[in-house]
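Input: a single structure, listed below in structure tokens.
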Amino acid sequence: GNSVTQMEGPVTLSEEAFLTINCTYTATGYPSLFWYVQYPGEGLQLLLKATKADDKGSNKGFEATYRKETTSFHLEKGSVQVSDSAVYFCALRSKLGSAGGTSYGKLTFGQGTILTVHP
Amino acid sequence: DTEVTQTPKHLVMGMTNKKSLKCEQHMGHRAMYWYKQKAKKPPELMFVYSYEKLSINESVPSRFSPECPNSSLLNLHLHALQPEDSALYLCASSQESVQAINYGYTFGSGTRLTVV
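So the protein lines, in turn, are chains A and B.
Going left to right, the first sequence walks through residues 1 to 119 as my numbering numbers them.
Going left to right, the second sequence walks through residues 120 to 235 as my numbering numbers them.
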């Protein structure tokens with residue numbers, strides 16, 4: 001089955017430090033890969049995505065590259081801010097089955113990484 | 120409209136109460152989901168609706184009863200819950216098409232449920 005493994009947290013950084021959160025996956029076929037962010041007291045927001053090998057997703061200064069050869073999708077940011085403090089979830093989506101003549105895929109999450117950024 | 124709206128935001132209920140959580144989206148998404156999330160953990164899938172039909176029930180206890188009255192609405196009816204059911208309940212929706220895997224889910228802000 002599909003699975004996503006994220007680096008253990010929590011991660012604590014000073015403002016303007018470089019951030020890497022590792023994510024590796026196991027999946028059959030060609031999944032799409034996602035990073036979600038959850039700020040305190042809120043739901044999950046899609047941060048970025050990549051749908052095929054070598055694609056780079058980017059948003060709000062965050063980047064991640066879909067590496068099929070290493071089955072990885074590591075999240076990076078060059079200079080973190082206090083406002084980036086949140087829980088980050090790596091996820092993948094692959095074709096599950098069909099319903100109503102179309103197909104959809106179940107989202108599989110990693111365990112999440114808590115990021116705390118200090119001033 | 121690119122949002123999933125969940126109500127109420129907070130709910131406290133006793134173990135003998137009956138309550139309902141509501142979820143609404145107007146993005147034309149034909150797949151809708153209920154998730155349960157404990158603090159600092161990933162969301163756990165509970166139910167999936169596709170074209171208003173229940174397609175996945177992840178062995179959820181019968182005290183949780185989902186309902187999809189139409190393509191925009193999703194309800195979760197709660198009855199005789201236990202304190203361990205206290206959690207953040209998230210609704211999500213997504214496109215339902217052959218390219219669906221290229222798109223993520225859109226999540227609501229959740230209902231913070233406390234069972235006393």
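Don't be surprised by glycine CBs; every beta carbon is placed ideally from N, CA and C.
- Cβ neighbours of G97 (chain A) in the same chain (closer than 6 Å, five flanking residues each side left out): The residue labelled residue 97 (chain A) in the question sits at position 97 within the first sequence. Low confidence applies to G97 (chain A): its pLDDT is 49, below 50, so where it sits in the model is not reliable, and the reading given next is rough at best. Answer for G97 (chain A): no residue qualifies.
- How big is the Cα-Cα spacing for T135 (chain B) and D204 (chain B)? The sequence position of residue 135 (chain B) within the second sequence is 16, counting from 1. The sequence position of residue 204 (chain B) within the second sequence is 85, counting from 1. Each residue's Cα considered, the two are about 13 Å apart.
- Task: Please list, in chain order, all residues of the same chain as Q81 (chain A) whose beta carbon is under 7 Å from its beta carbon, the five residues on each side excluded.
- Result: For this step, residue 81 (chain A) is matched to residue 81 along the first sequence. Contacts found: E15, V117.
- Item | Local conformation of V80 (chain A) per DSSP, three classes | Working through the first sequence from its first residue, we reach residue 80 (chain A) at position 80. In this structure, V80 (chain A) counts as coil in the three-state DSSP scheme.
- Message: List, in chain order, every chain B residue whose beta-carbon is nearer than 7 Å to that of R67 (chain A).
- Response: Counted from its first residue, the first sequence places residue 67 (chain A) at position 67. The premise fails here: R67 (chain A) is roughly 18 Å from chain B at the closest Cβ pair, so nothing lies under 7 Å.
- Item | Cβ-Cβ distance between F89 (chain A) and F73 (chain A) below 8 Å | Your numbering for residue 89 (chain A) matches position 89 in the first sequence. Your numbering for residue 73 (chain A) matches position 73 in the first sequence. The Cβ atoms of F89 (chain A) and F73 (chain A) lie no closer than 8 Å to each other.
- Message: Which residues of the region 157-172 of chain B have a Cβ closer than 8 Å to any Cβ of chain A? Give them in chain order.
- Response: K159, K160, P161, P162, L164, V167, S169, Y170, K172
- Query: Considering only C-alpha positions, which residue in the set B:S191, B:M151, B:L130, B:N194 is nearest to C168 (chain B)?
  - Reply: For the purposes of this step, residue 168 (chain B) is taken as the residue at position 49 of the second sequence. First, the amino acid is wrong: residue 168 (chain B) is Tyr here, not Cys. Cα-wise, what sits closest to Y168 (chain B) is B:M151.
- Whose CA, out of B:L209, B:V234, B:G227, lies closest to the CA of M165 (chain B)? Within the second sequence, numbered from 1, the residue matching residue 165 (chain B) stands at position 46. If we check each option's Cα against that of M165 (chain B), B:L209 comes out closest.
- In chain order, what residues of the region 8-26 of chain A put their CB closer than 7 Å to some CB of chain B? Within the region 8-26 of chain A, no residue has a Cβ lying closer than 7 Å to any Cβ of chain B.
- Query: Who pairs with T233 (chain B) in a beta bridge, going by DSSP?
  - Reply: Taking the first residue of the second sequence as position 1, residue 233 (chain B) is located at position 114. B:V131, per the DSSP bridge assignment.
- Message: Between G147 (chain B) and chain A, is the shortest Cβ-Cβ distance under 8 Å, so that the two count as touching?
- Response: As a working mapping, residue 147 (chain B) is identified with position 28 in the second sequence. It does not: the Cβ of G147 (chain B) has no partner Cβ on chain A nearer than 8 Å.
- Query: Smallest Cα separation from Y25 (chain A): which of A:A91, A:K106, A:F18, A:Y39?
  - Reply: In the first sequence, counting from the first residue as 1, residue 25 (chain A) sits at position 25. Residue A:A91 is the option with its Cα nearest to Y25 (chain A).
- Could you spell out where the beta strand (DSSP E) holding T24 (chain A) opens and where it closes? Position 24 of the first sequence holds residue 24 (chain A). Element bounds for T24 (chain A): 23-26.
- Query: Across which residues does DSSP place E143 (chain B) in a beta bridge pair?
  - Reply: Taking the first residue of the second sequence as 1, we reach residue 143 (chain B) at position 24. B:T124, B:L192.
- Item | Proximity of V123 (chain B) and A206 (chain B) at Cβ, strictly below 8 Å | As a position in the second sequence, residue 123 (chain B) is number 4, starting the count at 1. As a position in the second sequence, residue 206 (chain B) is number 87, starting the count at 1. No, the pair does not count as a contact, with Cβ atoms beyond the cut-off.
- Message: Short of 7 Å in beta carbon distance, which residues of its chain neighbour G229 (chain B), apart from the five on each side in sequence? Order them along the chain.
- Response: As a first step, residue 229 (chain B) must be located in the second sequence, where it is residue number 110. Only Q125, L207, Y208, L209 meet the Cβ criterion.
- Task: Mind listing the chain A neighbours of Y224 (chain B)? Cutoff is C-beta to C-beta under 7 Å, in chain order.
- Result: Position 105 of the second sequence, counted from the start, is the residue given in the question as residue 224 (chain B). Neighbours of Y224 (chain B) on chain A, chain order: L107.
- Message: Three or more C-beta pairs under 8 Å: does that hold for the region 63-78 of chain A against the region 34-54 of chain A?
- Response: yes
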